[in-house]
Structure formats: C-alpha cells, structure tokens
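Comments concern the structure below.
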Amino acid sequence: MNTDEVIQIKEKSFSFTDTVAAVGGIDVSFCYQCGKCATGCPLVHEMDLTPTQLIHAVQLGLKDTVYNSKTMWLCASCLTCSTRCPQKVDIAEVMDTVKILIQREKKKATVPSVLKFSKSFIDNLKLFGRLYELGMIAELKLRTLNFTQDLAMGIKMLKKHKFNLFPGISGSREVRKILSQVRKQEKA
Amino acid sequence: MKYAYYPGCSLHSTGKEFDSSLKAVCNAMDIDLVEINKWVCCGSTAAHNVSRLMATALPMANLMLLQDMNLNEVIVPCAECFSKFKIAQHNVKTDKKLKREVIKAIHNDCNEDAKIIHPLSIFSEEPLLSTIPTLVKRDLSGLKVACYYGCLLTRPPEVTEFDIAEYPVTMDNVLRAAGISTVDWSHKTICCGASFALSKPDIVVNLSHNIIEDAKSAGADAIAVACPMCHANLDTRQDDMEKKFGTHPQMPILYFTQLMGYSFDISPAILMLNKHLTDAESLFEQISQHV
Chain A
2 MNTDEVIQIK
12 EKSFSFTDTV
22 AAVGGIDVSF
32 CYQCGKCATG
42 CPLVHEMDLT
52 PTQLIHAVQL
62 GLKDTVYNSK
72 TMWLCASCLT
82 CSTRCPQKVD
92 IAEVMDTVKI
102 LIQREKKKAT
112 VPSVLKFSKS
122 FIDNLKLFGR
132 LYELGMIAEL
142 KLRTLNFTQD
152 LAMGIKMLKK
162 HKFNLFPGIS
172 GSREVRKILS
182 QVRKQEKA
Chain B
166 MKYAYYPGCS
176 LHSTGKEFDS
186 SLKAVCNAMD
196 IDLVEINKWV
206 CCGSTAAHNV
216 SRLMATALPM
226 ANLMLLQDMN
236 LNEVIVPCAE
246 CFSKFKIAQH
256 NVKTDKKLKR
266 EVIKAIHNDC
276 NEDAKIIHPL
286 SIFSEEPLLS
296 TIPTLVKRDL
306 SGLKVACYYG
316 CLLTRPPEVT
326 EFDIAEYPVT
336 MDNVLRAAGI
346 STVDWSHKTI
356 CCGASFALSK
366 PDIVVNLSHN
376 IIEDAKSAGA
386 DAIAVACPMC
396 HANLDTRQDD
406 MEKKFGTHPQ
416 MPILYFTQLM
426 GYSFDISPAI
436 LMLNKHLTDA
446 ESLFEQISQH
456 V
C-alpha cells in the first residue's frame, strides 16, 4: 500500500464494512491488526496487501482500496488465517465475501484467470451436475485464450486415462434447479 | 459396518485410484460402502467464490439424499468435499437466516444430524486401528513416508473436528499400524496451491515444490495424501518443477489407501499404482526385494 497516500474516511464508508458483515456474516471489527494471518499465509508474497492490511481496509470502509487489490483473488482458501486468528475473525470468509460483492456489482476482477476458473467450473456443473473435467478445461481455455498452457501435462494425463472422455448427466437437472433458485433468491 | 459413500467428482475421474483403493481397503476391513444414488457436486473450490448460499446448498442437497438410504453416516474421502460438507453443515447450524435460504433453495429440509466422516477418522480409531495390523501381509517397514494432510481436513478444527490442526497425526497412526514408517516433517498442513492448479499454475509449482523438498530433507521415499487436489498438484507438476528449479523431484505421491492396500497385498491393478504421472511402481519393486 502506498503509505504517502492520505486515507479519506467518511462516515458513509462504513456502509461497505456493514455490507461485508451482512453478506459474509463476519464482523471485522474484532481485528486488532496483530498480523498473525499475514505471517502464516502461504501466498502473502504474491499479494499486494497482506491479509491483515486487507481486513484493516475493510474495517475502514475503503472499498476502492479493497476492490483494486489482488489479495482476495490470490487467497487459496487454505484457512490457515481463519484457524489461527486470536480474535476469531474468519479472514478467508471475508476474502470470499469481497469476491462475491465484486461480482454482484459487476466490477473488474484484478486477477481475471481466477474468476474465469470459478465461472467455468459452475457452468460445467449446470450442464452435467458433476464436474466433467475435460469440458471445464475446454471452457477455461476459451475464456482465457491460453491454449498452450499445460498442454504437455494434459497429454500425459490423457495417456494415463486420468480423465473421463465423456460426461455423465446424473443429477444435472437437480443442480440446475438449485442454482437457478439460488440466483433468484440472491436477486430478491 | 455400513456407511453411505460420497465419492465426489474427482474420485470418479482424475482420482479414480483413490476410489478403487479405498473400496478395496474397506472391503478388507469389512466396511460396507453404499454409494449415494444421484449425488451431485459439492461446489468444491468454485462455489464459495461465487455465492455463499450456493456453497451451502449443494452439500446440504447431497446430505438429504441420505434419508432415502436409511443411513445417516456418510464417508467422504476427498478432503475438498469433506471440508465443504462440514462447513455447510456448520453454517446452517449456526446461521438461521442462511438455513432458511438453503431450505428454500433445495426445496427440502436441512440434514443437520448427518455424521460426515473422513475414512482416516474411523481407521485411526478402535476397533479398526487394531484390525489393520492383522491384515498386513507385506513388510513395508523399509518404506519411509511423509504424511501430507493439506489444508482442508484439519482447518478450521472446530468445524472439521479432525485431529490437531497444526500437527495432525491420524494418517501417521494409520500407516504405522500398516507397518509403514512415517517421518516427522514441517509441511504436513502447508498449502499446495489448491485450486490455482489451472488458474495460477506458477503458484502451485512453487508451493508444491516446497512441500516435496521438505519431505525429501526429512528422508521420505514417498508422500501420502488424502486429497485428490493435493495429489494432482504434487504428482503432475514435477516436470514443471524440473523446468523451474533444475532437478526433477522424482517423488512418488500416493493415496494413503494405496499404501494400506499394498501392505494388505491387494493387487497393484486394483490399487491403480500405474495411474500417477510420477512413477510410484518402482518404489514398491525396490521395497519388495527387501522382504
């Protein structure tokens, strides 16, 4: 974070903090910035804000700072932070909540490939009910236009018959029903 | 003993060897696994990034299928599925508003009492822990294995209710009961990069390399896992590790059930020891010669 930047905190900023609490069920106010989450995070070296800084920004209602960060997209959901937090703040859940809010507000994902993966995965479930890996990989490749990545590994895996060549459709109707109902309820 | 069985998507595809070896090992221990009819994906690594309701509704819909089977204990071997089931059940128990939304979304009630069980939990407890040594037919005491638990079996402990979060020993106890030596090491529960396998593979190569290097320095001949995602990251990325770090790790990555099965003298074809990208078969050839 740029330390020269003057942080403007207005009263209305806190509506963002409240939104995070309402959507994710997490009250970030318990965090006193001890830094334990950042210390144990296996991906902190890849992040622009440490998990501690991200939580602090949420506390202060700095929505733009949070949305422009790559941190939540680089969270692997290993749950080390949430497990170790002495104040029992579920930091990983805050990361998820921020990602969900960004999608709801149709804002840009700062690490697009991660969101593209999730979308490809969910699209696949809507079609097949269970994950059809080759189909999901194909969609991800179309979304990212990165066709050569992992090609050699993929061929090796095919040779070992690791993938099912054809999808099943067991439960696909059930999943579609649940997912469309979820969408309806979330729009309401 | 009879349990409902939720294999999850991976155990029907890239993790077939986990499914096959688990079934064989359970069969040897007189555990009856009845696969849930018409189960669906638990939402895995994707749903929680998109919607909290979706991530809770999918596991809860699966748990409701148990009621048609008159069983309320379900074995969930995939660590990812296990975690998603446990978290969903915990969330509906503690968040009444979410529970109401889930009931509406799945057009069904929430099964809050279903017991979600990882096979390591029952294998490491009596009576099964004492049964394991009686089934051992091959001496694997020359084999040194690093037990890798990954993230999701142990964390967060109040939700997964599985072993000590910072230094679990359940898998070590199970493999030791099967006559296999296990090593003490520091990367038992450090993340392998998880679902970044396809979206940020560079992260996976780095993190998984750290894990394999630590297992090596602890003297391990192989790493045992209980998660198809951990398996994929550790096993399939070794060529990339060679490209990035210069040497090929050549570290066999096996499901703990494959190791148990081998010690029970179950055939390698059933255990699917040839399924891995990094050769695991020659490990056993060397060991077998010592017997």
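Line order of the protein sequences matches chains A and B. In terms of the numbering used here, the first sequence opens at residue 2 and continues consecutively. In terms of the numbering used here, the second sequence opens at residue 166 and continues consecutively. Don't be surprised by glycine CBs; every beta carbon is placed ideally from N, CA and C.
Same chain, Cβ closer than 7 Å to Val-456/B, neighbours up to 5 away in sequence not counted: Legend: pLDDT at Val-456/B = 43, less than 50; position of this residue unreliable, value from coordinates given subsequently. Hits under 7 Å: Arg-303 and Asp-304.
Enclosing beta strand (DSSP E) for Leu-419/B [first to last residue]: Segment 418 to 420, the beta strand (DSSP E) holding Leu-419/B.
Same chain, Cβ closer than 6 Å to Met-140/B, five either side skipped, listed in chain order: Only positions 166 to 456 of chain B appear in the structure, and residue 140/B is not among them; the question remains open.
At least three beta-carbon pairs within less than 8 Å, the stretch 182 to 196 of chain B to the stretch 218 to 235 of chain B: With the cut-off at 8 Å, the stretch 182 to 196 of chain B and the stretch 218 to 235 of chain B do not touch.
Given Lys-71/A as reference, the closest of Met-96/A, Ala-139/A, Val-90/A and Ser-173/A once Cα atoms are compared: Cα-wise, what sits closest to Lys-71/A is Met-96/A.
Spatially closest choice to Cys-395/B from Lys-203/B, Gly-315/B and Ile-345/B, by CA coordinates: For Cys-395/B, the nearest C-alpha among the options comes from Gly-315/B.
Chain-ordered neighbours of Glu-175/A on chain B, where CB pairs are closer than 8 Å: Against Glu-175/A, the close residues of chain B are Lys-203, Val-205 and Ala-226, in the order they occur along the chain (beta-carbon pairs closer than 8 Å).
Partners in chain B for Asp-19/A, counting only beta-carbon separations shorter than 8 Å: By Cβ distance, chain B contributes nothing, its closest Cβ being about 15 Å from Asp-19/A, past 8 Å.
Listed by chain order, chain A residues near Arg-320/B by CB distance under 8 Å: In chain order, Cys-79, Leu-80, Thr-81, Ser-83 and Thr-84 make up the part of chain A whose C-beta sits under 8 Å from the C-beta of Arg-320/B.
Check whether Leu-187/B and Thr-335/B have beta carbons under 8 Å apart: No, these two residues do not count as a Cβ contact at 8 Å.
Minimum Cβ-Cβ distance from Phe-361/B to chain A less than 8 Å: Residue contact with chain A for Phe-361/B: present (Cβ-Cβ distance below 8 Å to some residue of chain A).
Close beta carbons around Arg-177/A, own chain, < 6 Å, minus the five adjacent residues each side: Excluding sequence neighbours, Arg-177/A sits near Lys-127.
Distance between Ile-368/B and Phe-361/B (C-alpha atoms, nearest Å): Taken atom to atom, the span from the alpha-carbon of Phe-361/B to that of Ile-368/B is near 7 Å.
Where Lys-309/B sits in the DSSP three-state scheme: The answer is strand: DSSP assigns Lys-309/B an E or B state.
Where Ser-346/B sits in the DSSP three-state scheme: Ser-346/B sits in a strand when the DSSP states are folded into three classes.
Local conformation of Asp-379/B per DSSP, three classes: In the three-state scheme derived from DSSP, where H, G and I count as helix and E and B as strand, Asp-379/B is classed as helix.
Residues that Ala-387/B bridges to, as DSSP identifies them: Residue pairing by DSSP puts Ala-387/B in a beta bridge opposite Val-310/B.
Tyr-171/B and Asn-227/B closer than 8 Å at C-beta: Taking 8 Å as the cut-off, the Cβ atoms of Tyr-171/B and Asn-227/B count as close.
Partners in chain B for Gly-130/A, counting only beta-carbon separations shorter than 8 Å: In chain order: Val-205 and Cys-206.
Entirely enclosed beta strand (DSSP E) segments - the stretch 224 to 267 of chain B, minimum 3 residues: The stretch 224 to 267 of chain B contains these whole beta strand (DSSP E) runs: 238 to 240.
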